[in-house]
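Notes to accompany the following structure.
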Amino acid sequence: MKKSLLVLALLFSLASFSQSPVDKSFPPEELFTLGSYYYPEQWDSSQWERDLKKMSEMGIKFTHFAEFAWAMMEPEEGKYDFEWLDRAVSLAEKYGLKVIMCTPTPTPPAWLSKKYPDILIQRDNGVSIQHGRRQHASWSSDRYRRYVENIVSRLAIRYGNHSAVIGWQIDNEPGHYGVVDYSENAQLKFRVWLQKKYGTIDKLNDTWGTSFWSETYQDFDQVRLPSQQEVPDKPNPHAMLDLNRFMADELAGFVNMQADILRQHINKDQWITTNLIPVFNPVDPVRIDHTDFLTYTRYLVTGHNQGIGSQGFRMGIPEDLGFSNDQFRNRVGKTFGVMELQPGQVNWGVYNPQPLPGAVRMWVYHVFAGGGKFVCNYRFRQPLKGSEQYHYGMIMTDGVTLSPGGEEYVCIAQEMKKLRAAYDKKNRMPKQLASRRIGLLFDMNNYWEMEFQRQTDQWWTMP
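Shown next, in the form of structure tokens:
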């Protein structure tokens with residue numbers, strides 16, 4: 001074991017580390033950092049100190065607060081309560097934990113949805129998605145964006161110079177679960193988007209091939225967001241491609257807007273990111289370019305694939321991490337981390353097996369080997385209530401016992417100490433290795449086109 005760890009340390013010390021805004025939080029000599037999600041609003045405040053102390057003792061270096069807590073921050077319109085969050089941040093700092101602060105925009109409070117139903121997403125069957133879960137507010141709603149600007153500004157002013165806060169995560173897995181928004185707000189924004197893209201209706205007609213089946217438009221006001229509900233067959237494929245592009249631009253604009261708001265108030269040592277689901281409609285990482293870097297989410301054992309070998313369903317498939325590492329490493333900031341990685345079974349899969357012993361550790365080292373700066377596991381404690389009641393954490397339901405995945409994280413933290421001790425920043429990658437280059441050509445436009453116009457449903461080559 002000792003020999004293998006020294007070999008690992010040598011390999012990774014050979015890699016060249018480029019300077020970036022995150023180097024102060026994740027310096028090269030630290031090699032790799034572990035974090036974990038914690039939700040103080042979900043636990044009795046008498047347990048917070050015990051939990052955060054335990055997290056620190058396990059070797060976790062940072063925690064992650066507040067992405068689902070808007071109702072706690074603003075229980076009534078214009079009435080704010082950050083004292084509970086102040087206390088949680090102070091406790092994290094007390095035990096040497098850094099904090100990633102999050103904007104709570106995936107979970108608008110009930111009073112906002114009730115007072116302004118025009119902020120809600122509308123499905124293509126005309127039904128508005130109501131309060132009761134998350135990600136139900138429209139990126140295309142100017143009213144919603146004004147409320148977002150307000151809560152994000154207040155958070156940034158309060159924690160933008162806090163010594164424990166190292167960075168900010170915008171929203172959480174922005175993507176609306178892949179649901180297309182057909183609200184009037186989105187319809188209007190789509191037409192504006194088309195006018196900006198094409199300039200004239202004749203150019204749109206030519207590009208979309210609307211002479212086929214007499215689809216020709218005379219005015220942009222005649223164009224609607226393409227929907228399977230509104231046509232007897234599949235919609236125009238070129239209109240569908242533009243729909244995906246439009247949705248991706250709306251998502252990116254929503255994230256970029258929040259990044260711009262944060263930068264008005266936070267200090268230069270705090271970075272900004274968001275966490276994205278790889279290869280998922282309507283996410284296109286290329287369009288999100290106001291953050292310092294991007295992170296991704298991965299859940300490898302969910303029953304959606306069999307993996308490799310008889311126990312592969314308990315390990316996942318390697319390309320889920322390998323491809324994502326390559327995709328996100330080459331985005332804005334030229335660095336990345338994994339902001340969500342499961343520490344055990346989930347509760348929402350096709351079936352929910354326990355990861356094979358050692359699988360969690362394997363995943364973390366896979367991210368490390370791919371050039372990632374950190375892994376933040378989701379989550380520290382298994383919840384006792386709510387939609388993820390059976391989703392494992394690093395700590396079991398009693399609040400004190402390590403889960404199998406938690407034990408593996410303790411092991412990883414101890415191994416990282418040995419790797420750091422062996423790290424030599426003077427080492428460089430051998431020239432014969434540094435000169436080798438491999439390019440991966442991948443573009444979401446191609447993915448959207450291929451997905452909509454598959455020539456068979458028997459197999460699928462995309463990641």
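Per UniProt numbering, the sequence shown runs over residues 1 to 463. The C-beta atom is built at its ideal place from N, Cα and C for all residues, glycine as well.
I believe residue i touches residue j by the beta-carbon criterion, under 8 Å. Please report the beta-carbon distance rounded to the nearest angstrom.
i: Arg146; j: Phe68; result: Contact flag wrong, Cβ pair sits at about 21 Å.
i: Asn267; j: Gly132; result: Asn267 to Gly132, Cβ: 37 Å. No contact.
i: Arg143; j: Ile119; result: 6 Å
i: Asn352; j: Gln345; result: 5 Å
i: residue 549; j: Leu97; result: Here the chain comprises residues numbered 1 to 463, so residue 549 is not present and cannot be evaluated.
Using only the alpha-carbon positions, how far apart do residue i and residue j sit?
i: Leu155; j: Gly303; result: 38 Å
i: Leu14; j: Leu433; result: Reliability of the predicted coordinates at Leu14 is poor, the pLDDT of 44 falling under 50, and the value obtained from them is presented with this limitation in mind. C-alpha separation (whole angstroms): 10 Å.
i: Ile288; j: Leu262; result: 15 Å
i: Met257; j: Trp213; result: 40 Å
i: Val375; j: Pro232; result: 46 Å
i: Ala66; j: Met101; result: 7 Å
i: Glu451; j: Arg245; result: 14 Å
i: Glu74; j: Pro40; result: 16 Å
i: Phe82; j: Gly393; result: 26 Å
i: Thr33; j: Val367; result: 11 Å
i: Asn150; j: Lys418; result: 45 Å
i: Glu442; j: Glu319; result: The question names Glu, but residue 442 is Phe in the sequence shown. Looking at the two C-alpha atoms, the distance is approximately 14 Å.
i: Leu204; j: Ser211; result: 11 Å
i: Thr107; j: Ser138; result: 12 Å
i: Glu49; j: His391; result: 22 Å
i: Asp221; j: Ala71; result: 38 Å
i: Val350; j: Phe313; result: 11 Å
i: Gly122; j: Gln47; result: According to the sequence as given, residue 122 is Gln; it is not Gly. Using only the alpha carbons, I get a separation of about 40 Å.
i: Ile395; j: Glu29; result: 29 Å
i: Met240; j: Ile60; result: 44 Å
i: Pro355; j: Met315; result: 6 Å
i: Phe293; j: Ala164; result: 20 Å
i: Val410; j: Val152; result: 34 Å
i: Thr456; j: Pro357; result: 37 Å
i: Ser387; j: Asn347; result: 9 Å
i: Val179; j: Ser128; result: 11 Å
i: Leu251; j: Met58; result: 36 Å
i: Gly399; j: Asp51; result: 8 Å
i: residue 497; j: Gly322; result: Look at the range of the chain in this structure, 1 to 463, and you will see that residue 497 is not part of it.
i: Gln130; j: Lys425; result: 53 Å
i: Ala88; j: Ser45; result: 9 Å
Is residue i helix, strand or coil by DSSP?
i: His162; result: coil
i: Met101; result: strand
i: Phe442; result: coil
i: His64; result: strand
i: Leu356; result: coil
i: Gln453; result: coil
i: Phe26; result: coil
i: Ser128; result: strand
i: Arg298; result: strand
i: Gln432; result: helix
i: Phe328; result: helix
i: Tyr79; result: Inspection of the sequence shows that residue 79 is occupied by Lys rather than by Tyr. The answer is strand: DSSP assigns Lys79 an E or B state.
i: Ile157; result: helix
i: Trp168; result: strand
Using C-beta distances below 6 Å, list every residue in its chain close to residue i, excluding the 5 sequence neighbours before and after it, in chain order.
i: Leu6; result: For Leu6, the predicted structure reports a pLDDT of 45, less than 50, and the residue's modelled location is therefore unreliable. A value from the coordinates is still provided. For Leu6, where only same-chain residues beyond five positions count, the Cβ hits under 6 Å are Ala422.
i: Lys53; result: Tyr95
i: Thr200; result: none
i: Leu300; result: Gly316, Asp320
i: Phe328; result: Leu294, Tyr296, Phe336
i: Arg331; result: Pro285, Leu294
Excluding sequence positions up to five away, which residues of its chain have a Cβ less than 7 Å from the Cβ of residue i?
i: Tyr177; result: Gln135
i: Asp269; result: Lys24
i: Leu440; result: Asp326
i: Gly167; result: Ser25, Ile100, Gln270, Trp271, Ile272, Thr273
i: Ala186; result: Ser138, Ser140, Leu225
Which residue comes first and which comes last in the alpha helix (DSSP H) that contains residue i?
i: Gly35; result: Gly35 -> not in any alpha helix (DSSP H); beta strand (DSSP E) instead, spanning 33-37.
i: Gly253; result: 237-263
i: Ile412; result: 404-422
i: Trp111; result: 110-115
i: Asn267; result: Neither: Asn267 is in no alpha helix (DSSP H) and is coded neither H nor E.
i: Thr207; result: 201-208
i: Gln195; result: 184-198
i: Glu41; result: Taken as a continuous stretch (DSSP letters only), Glu41 belongs to no alpha helix (DSSP H), as it is neither H nor E.
Tell me which same chain residues have a C-beta within less than 8 Å of the C-beta of residue i, skipping the five on either side of it?
i: Ile277; result: Glu173, Gly175, Val283, Tyr296, Thr297
i: Glu77; result: Trp111, Leu112, Lys115
i: Tyr80; result: Met73, Glu74, Arg154
i: Val255; result: Ile170, Asp171, Pro174, Thr274, Ile288, His290, Thr291
i: Gln229; result: Asp124, Asn125
i: His64; result: Gly35, Ser36, Tyr37, Tyr38, Val99, Ile100, Cys102, Gln169, Met339, Cys376
For the beta strand (DSSP E) that contains residue i, what are its first and last residues?
i: Glu215; result: Per DSSP, Glu215 belongs to no beta strand (DSSP E) and is neither H nor E.
i: Met339; result: 336-341
i: Ile272; result: 271-276
i: Val375; result: 374-377
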